[in-house]
Structures are given as C-alpha cells and as structure tokens.
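Visitor: Numbering (our numbering), first residue to last: 113 to 587.
Pasting a structure below so you can have a look.
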C-alpha cells in the first residue's frame with residue numbers, strides 16, 4: 113500500500129526559501145511598517161542589491177523610482193491590491209521606465225491588524241517577451257507579427273560619488289558640440305561613456321561611429337578612416353568605399369585608443385578635425401563632414417608628446433574637455449552593483465536563476481580588478497556558466513578565478529601643460545653619431561642617452577641618412 117503523503121515531511125526536506133527563490137517573479141515580504149524581512153533571488157537580481165542590504169531598507173526607500181507605492185495602498189484599504197506600476201532601476205543612472213504588475217496581499221494578526229504584506233511583482237515586458245518566444249517556437253505566429261525589439265538607452269551602473277560626478281559633467285557637456293577626450297584604463301568603460309554622451313546630445317538620432325584606432329594596420333587605417341575612390345589601388349573595391357568618418361556625418365565620431373594612431377596619419381586627422389572635411393584616397397576634391405568628436409586614450413598623451421610619438425598640435429586640438437574615468441579599484445561602491453547587474457543579465461541570457469552569497473560579494477570587494485568593468489563582466493559570466501544549473505546560490509569563488517596578486521596599472525592623469533624635452537645634447541647629426549658610437553650603435557640606449565624616444569631617433573637617422581651600421585655592432 114502506497115505511503116500516505118505528508119506535508120510535514122515535505123517541508124522538512126524542501127524549505128520555503130528554496131521554493132520562493134525558484135519562482136520567476138519578484139517576491140518581497142514586509143513587516144507592518146514596510147521594512148524588508150524577505151526577498152527572493154529575482155528581487156535581488158532585479159534591483160542589484162544584496163540580501164543583507166535589503167534587510168536594512170524600507171519599501172519607501174524606492175519611492176523615487178516608482179510612481180505609486182502598492183504597500184501603502186494595501187495598508188490603506190486593508191485588502192489585496194493589484195495594479196500596474198511604473199518603475200526604474202534603482203542602481204542605473206537614467207534607466208528606462210518599465211511597467212510591472214504588482215499584487216500586494218496583507219496577512220493579519222489575531223486582532224485584525226496588518227502584520228505582514230506579501231508582494232508579487234511581474235515585469236510586463238519580460239512576460240510579453242516570453243509569450244512571443246513561446247508562440248514563435250511553436251510556429252503559431254508569423255515572424256512579421258512579432259514586434260521588433262526596441263533599442264534601449266545605455267544604462268550605467270553608478271553608485272560611487274566619483275562616477276556620479278563624472279556623469280554630472282558628462283550631462284553638462286553632452287548637449288554641446290565640444291570635443292571630449294576620455295582618459296581611462298582598458299576596460300574602464302570609455303566607450304560606454306561615449307555612448308552616454310551621444311545619447312544625451314542633439315545628435316542622438318544620428319549614428320555614433322566607433323573606430324578603434326589600434327585595430328587597423330598602419331597601411332590600412334587611412335583607407336578605413338577616409339575611404340577611397342574606385343580604382344585607387346590594387347585590391348580596392350571596384351565601387352570605392354565610404355570611410356568611417358564620412359559615415360559619421362551628422363552624428364558622433366568616436367576615436368578610441370587615439371594614442372595608437374601612427375605619426376603618418378596624425379597630421380591628416382588633425383586637418384580632418386580642424387576643417388571638418390575629408391579627402392578619399394584617389395579623390396581630387398575634399399568633402400565636408402559634420403560630426404561631433406569624442407576621443408579616448410588609455411595612454412598618457414602629454415607624455416607621448418614629450419617623447420615625440422604624438423603630435424603636440426593634435427593633442428591641444430582634442431584636449432578640449434578632458435574627462436577621467438576612475439578605475440574600479442578607486443570606486444569600490446560600484447563593485448557589488450556591477451556584479452549583480454551582470455549576474456541579472458547573464459541569468460536572463462541563459463535562462464537561469466542564480467545569486468551570489470554575501471561571502472562572494474565580500475571577496476569581490478577586496479579584489480583590485482585590474483581589468484576593470486570588462487574583467488567583472490567576464491568573471492560573472494564565468495561564474496554563472498561554470499556552476500551547475502541546479503545551484504541557485506553561488507557560495508564560493510573557485511581557486512584561480514581571481515588572480516591572487518594582480519598587477520595594478522597606474523591611473524592616467526593628463527598634464528595641464530606640455531613640458532619641453534630634456535635632451536642631453538640635442539638631436540643634430542653630430543650628436544646622434546656621437547651617441548650611437550658611445551652606445552655601440554644600440555639605438556634604444558642612444559635614444560635614452562639623448563633624452564628622446566627610439567621612434568624619434570629612427571626618424572632622425574633616416575633624415576640624416578645615417579647608415580644602419582655605423583662601424584659598430586647594432587643591437
């Protein structure tokens with residue numbers, strides 16, 4: 113005879129918390145005055161707030177990002193209340209407004225007073241996306257009936273005062289057409305800030321063309337930037353090609369890693385910026401192009417000017433509004449919100465339900481993150497996909513995921529003025545010959561002896577037609 117079912121034995125084996133954490137909707141429980149006493153994993157991922165932080169908060173802490181507080185309605189009417197609620201992300205600056213269905217249910221004590229309020233929240237857009245996906249998978253709807261995905265604005269996770277101040281300045285300069293120069297380490301979010309400025313500018317309805325200056329070989333970057341006419345050179349497209357600068361006409365041109373531009377191109381880029389015109393390779397006439405320039409660098413341009421590897425006139429031309437993006441290690445308050453933001457993103461992408469334990473969040477706060485936001489994103493994705501699907505809470509970080517002794521890069525600080533080069537004996541032909549002889553023709557040592565860069569030394573050697581081997585062994 114089959115053993116009778118026992119709810120008591122079920123709840124001994126399956127906790128209520130585990131059940132609620134596996135529900136694909138936000139669930140929160142408040143006490144009689146609105147203090148959080150429970151929230152499920154969906155709520156943690158939704159707001160990018162750890163559970164222990166939630167337990168210090170009240171429902172009224174979120175009144176600035178919602179249009180109405182359903183908790184107050186439940187307390188007023190002392191019954192279940194359901195309604196649509198407009199809300200924004202608590203951690204994202206200028207986040208998009210979304211709509212969700214919120215149902216609040218009161219739980220009374222023995223005297224008819226509200227003791228707890230249970231809140232169930234379901235995002236309308238997420239529900240519609242799931243609805244359309246299921247219909248599409250069952251091939252019931254024609255593809256043309258599906259609504260196209262709307263392009264949302266760039267949302268920036270920013271809790272630290274340093275990044276809030278940066279965004280405040282970005283908001284001020286965005287409506288202008290002034291050139292912006294972004295300083296920041298690799299992975300710190302320079303392109304994200306560029307998109308943010310573009311989306312808050314009067315050119316937001318036109319394209320933003322992003323060009324990574326380090327991604328093109330020196331012999332191709334001119335053709336990629338300015339384009340070329342048909343038949344300009346062997347291997348060229350028969351119809352010619354529109355350059356990336358021309359494609360930014362009316363919009364914003366973002367030159368990332370501008371410090372990687374070769375010297376042979378910097379003069380043409382300077383002319384492009386000053387005259388707002390380009391000339392395709394093989395063309396006779398130039399063409400006017402209307403764009404707003406945003407440049408970015410992960411190197412110290414003033415030092416490069418001092419070393420002779422970056423044109424001084426180009427430096428001053430783009431150094432109009434410099435913005436320094438602080439590295440993650442200098443804005444510790446953003447680490448946990450960023451981790452939870454990417455956790456929510458990858459859980460949605462891979463259709464998973466996971467959360468980070470308090471111990472994991474404490475450990476990530478102690479790490480220096482030399483790879484900045486890009487490293488955080490990669491770390492979170494790795495943690496999500498490496499843990500078993502059945503694991504809901506990621507309670508530890510495997511050994512080797514985070515480097516034990518990361519090399520901390522030096523933050524880039526632009527100098528206010530360019531200092532003259534300190535050369536030992538100038539760069540005349542005689543002095544160069546003397547330095548090469550003293551250093552046994554080792555060019556790196558000779559450049560250091562003269563106080564100039566090796567590239568500049570090579571340029572002078574070609575100018576003075578000095579033989580590559582000057583009666584000494586070359587390095």
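Glycine residues also receive a C-beta, built at the ideal position from the N, C-alpha and C atoms.
Would residue 427 be called buried (16 or more neighbouring beta carbons within 10 Å of its own) or exposed?
Guide: Taking the first residue of the chain shown as 1, we reach residue 427 at position 315. With 16 or more Cβ atoms within 10 Å of its Cβ, residue 427 is classed as buried.
Visitor: Report the partner residues of residue 505 according to the DSSP bridge assignment.
Guide: The residue labelled residue 505 in the question sits at position 393 within the chain shown. In the DSSP output, where bridge partners are listed per residue, residue 505 has 467.
Visitor: Between the Cα of residue 436 and those of 292, 323, 568, spot the shortest distance and give me the residue it belongs to.
Guide: As a first step, residue 436 must be located in the chain shown, where it is residue number 324. The shortest Cα separation from residue 436 among 292, 323, 568 belongs to 292.
Visitor: Verify whether the separation of the beta carbon atoms of residue 173 and residue 228 is less than 8 Å.
Guide: Within the chain shown, residue 173 is the residue found at index 61, counting from 1. Within the chain shown, residue 228 is the residue found at index 116, counting from 1. The answer is no: Cβ separation not under 8 Å.
Visitor: Taking just the CA atoms, how far does residue 133 sit from residue 465?
Guide: Stepping through the chain shown from its first residue, residue 465 is reached at position 353. Stepping through the chain shown from its first residue, residue 133 is reached at position 21. Looking at the two C-alpha atoms, the distance is approximately 8 Å.
Visitor: List the DSSP bridge partners of residue 57.
Guide: For the chain, the structure presents residues 113 to 587; residue 57 sits outside this window and is missing.
Visitor: In the DSSP output, which residue or residues are listed as bridge partners for residue 400?
Guide: Position 288 of the chain shown, counting from 1, holds the residue named residue 400. DSSP lists 389 as partners of residue 400.
Visitor: How long is the line joining the alpha carbons of residue 528 and residue 294, rounded to whole angstroms?
Guide: In the chain shown, counting from the first residue as 1, residue 528 sits at position 416. In the chain shown, counting from the first residue as 1, residue 294 sits at position 182. Interpretation of residue 528 is limited by its pLDDT of 49, a score under 50 that renders its predicted location unreliable; no figure is taken from the coordinates.
Visitor: Hey, could you find the ends of the beta strand (DSSP E) residue 317 is sitting in?
Guide: Walking along the chain shown from the start, residue 317 turns up at place 205. Looking at the DSSP string, residue 317 is not in any beta strand (DSSP E), and its letter there is neither H nor E.
Visitor: Can you give me the C-alpha to C-alpha distance between residue 374 and residue 548, rounded to a whole angstrom?
Guide: Position 262 of the chain shown, counting from 1, holds the residue named residue 374. Position 436 of the chain shown, counting from 1, holds the residue named residue 548. When rounded, the distance between both Cα atoms is 25 Å.
Visitor: Indicate whether residue 485 and residue 296 have their beta-carbon atoms separated by less than 8 Å.
Guide: Locating residue 485 in the chain shown gives position 373, counting from the first residue. Locating residue 296 in the chain shown gives position 184, counting from the first residue. The answer is no: Cβ separation not under 8 Å.
Visitor: In angstroms with no decimal places, state the Cα-to-Cα distance between residue 103 and residue 316.
Guide: Missing from the structure shown is residue 103; the chain here goes from 113 to 587 and no further.
Visitor: On the three-state DSSP scale, how would you describe residue 255?
Guide: Translated into positions along the chain shown, residue 255 becomes position 143. Reliability fails at residue 255, whose pLDDT of 42 lies under 50, so the model's placement of it is uncertain and the value that follows must be treated cautiously. Residue 255 falls in the helix class under three-state DSSP.
Visitor: Under a three-way DSSP split, which group does residue 450 fall into?
Guide: In the chain shown, counting from the first residue as 1, residue 450 sits at position 338. In the structure shown, residue 450 sits in a helix (DSSP, three-state: H, G or I).
Visitor: Tell whether a beta-carbon distance below 8 Å holds between residue 366 and residue 321.
Guide: The sequence position of residue 366 within the chain shown is 254, counting from 1. The sequence position of residue 321 within the chain shown is 209, counting from 1. In this structure, residue 321 lies closer than 8 Å to residue 366 by Cβ.
Visitor: For residue 446, I'd like the list of residues in its chain whose CB is within less than 7 Å of its CB, leaving aside the five on either flank, ordered along the chain.
Guide: Taking the chain shown and counting its residues from 1, one reaches residue 446 at position 334. Cβ within range, chain order: 269, 270, 271, 272, 275, 440.
Visitor: Give every residue of the same chain whose Cβ lies closer than 6 Å to the Cβ of residue 230, excluding the five residues on either side of it in the sequence, and list them in chain order.
Guide: Here residue 230 refers to the residue found at position 118 of the chain shown. 141, 217.
Visitor: Since I believe residue 568 is in contact with residue 420 (beta carbons under 8 Å), could you give me their beta-carbon distance rounded to a whole number of angstroms?
Guide: Position 308 of the chain shown, counting from 1, holds the residue named residue 420. Position 456 of the chain shown, counting from 1, holds the residue named residue 568. Rounded, the Cβ-Cβ distance is 4 Å, consistent with contact.
Visitor: How many Å lie between residue 314 and residue 288 at the Cα?
Guide: Walking along the chain shown from the start, residue 314 turns up at place 202. Walking along the chain shown from the start, residue 288 turns up at place 176. Approximately 8 Å, taken between the alpha carbons.
Visitor: Looking at the unbroken alpha helix (DSSP H) that takes in residue 573, where does it start and where does it end?
Guide: The count along the chain shown starts at 1 and reaches residue 573 at position 461. It spans 566 to 575 - the alpha helix (DSSP H) in which residue 573 sits, taken as one unbroken run.
Visitor: For the beta strand (DSSP E) containing residue 142, list its first residue and its last residue.
Guide: Looking up residue 142 in the chain shown gives position 30. Its beta strand (DSSP E) spans residues 138 to 143.
Visitor: If we ignore side chains and look at the alpha-carbon of each, how far apart do residue 415 and residue 424 end up?
Guide: Here the question's residue 415 lines up with position 303 in the chain shown. Here the question's residue 424 lines up with position 312 in the chain shown. C-alpha separation (whole angstroms): 10 Å.
Visitor: Specify the secondary structure class of residue 482 as computed by DSSP and reduced to three states.
Guide: Position 370 of the chain shown, counting from 1, holds the residue named residue 482. Three-state result, residue 482: coil.
Visitor: Go through its chain and collect everything with a Cβ distance to residue 179's Cβ below 8 Å, but skip five positions before and after it.
Guide: The residue given as residue 179 occupies position 67 in the chain shown. Excluding sequence neighbours, residue 179 sits near 197, 198, 199.
Visitor: Please list, in chain order, all residues of the same chain as residue 299 whose beta carbon is under 8 Å from its beta carbon, the five residues on each side excluded.
Guide: The sequence position of residue 299 within the chain shown is 187, counting from 1. The residues are 483, 484, 485, 486, 487.
Visitor: Spatial neighbours of residue 448 within its chain, please: C-beta separation below 6 Å, excluding the five flanking residues on both sides.
Guide: Taking the chain shown and counting its residues from 1, one reaches residue 448 at position 336. Closer than 6 Å at the Cβ level, and outside the excluded window around residue 448, lie 473.
Visitor: Out of curiosity, what's the CA-to-CA distance linking residue 342 and residue 391?
Guide: Position 230 of the chain shown, counted from the first residue, corresponds to residue 342. Position 279 of the chain shown, counted from the first residue, corresponds to residue 391. So the two alpha carbons sit approximately 14 Å from each other.
Visitor: Using a Cβ-Cβ cut-off of 7 Å (strictly less than) and excluding sequence neighbours within five positions of residue 400, which residues of its own chain qualify?
Guide: If you number the chain shown from 1, residue 400 lands on position 288. The answer, listed in chain order, is 388, 389.
Visitor: How close, in whole Å, do the beta carbons of residue 138 and residue 152 come, if the pair is a contact with beta carbons under 8 Å?
Guide: As a working note, residue 138 is residue 26 in the chain shown. As a working note, residue 152 is residue 40 in the chain shown. At roughly 7 Å, the Cβ-Cβ gap stays under 8 Å, so residue 138 and residue 152 are in contact.
Visitor: Below 8 Å on the Cβ atoms is my contact criterion, and I expect residue 413 with residue 385 to pass it. Report the Cβ-Cβ distance as a whole number of Å.
Guide: Your numbering for residue 413 matches position 301 in the chain shown. Your numbering for residue 385 matches position 273 in the chain shown. About 14 Å; that fails the 8 Å criterion.
Visitor: Short of 8 Å in beta carbon distance, which residues of its chain neighbour residue 477, apart from the five on each side in sequence? Order them along the chain.
Guide: Residue 477 sits at position 365 when you count from the first residue of the chain shown. So the list reads 444, 447, 448, once near-sequence residues are dropped.
Visitor: With distance defined between alpha-carbon atoms, name the residue in 417, 544, 563 nearest to residue 573.
Guide: The residue given as residue 573 occupies position 461 in the chain shown. Nearest option by C-alpha distance: 544.
Visitor: Compute the Euclidean distance between the alpha carbons of residue 156 and residue 330, then round it to the nearest angstrom.
Guide: Position 44 of the chain shown, counted from the first residue, corresponds to residue 156. Position 218 of the chain shown, counted from the first residue, corresponds to residue 330. If I take the Cα positions, the gap works out to 48 Å.
Visitor: Less than 8 Å between the C-beta atoms of residue 469 and residue 504, yes or no?
Guide: For the purposes of this step, residue 469 is identified with residue 357 of the chain shown, where counting begins at 1. For the purposes of this step, residue 504 is identified with residue 392 of the chain shown, where counting begins at 1. Contact: no.
Visitor: DSSP state of residue 131, grouped into three classes?
Guide: Against the chain shown, residue 131 aligns to sequence position 19. Helix at residue 131.
Visitor: Taking the alpha carbon of residue 356 as the reference point, which residue from 340, 371, 369 has its own alpha carbon closest?
Guide: Here residue 356 corresponds to residue number 244 of the chain shown, with the count starting at 1. Closest by alpha carbon: 340.
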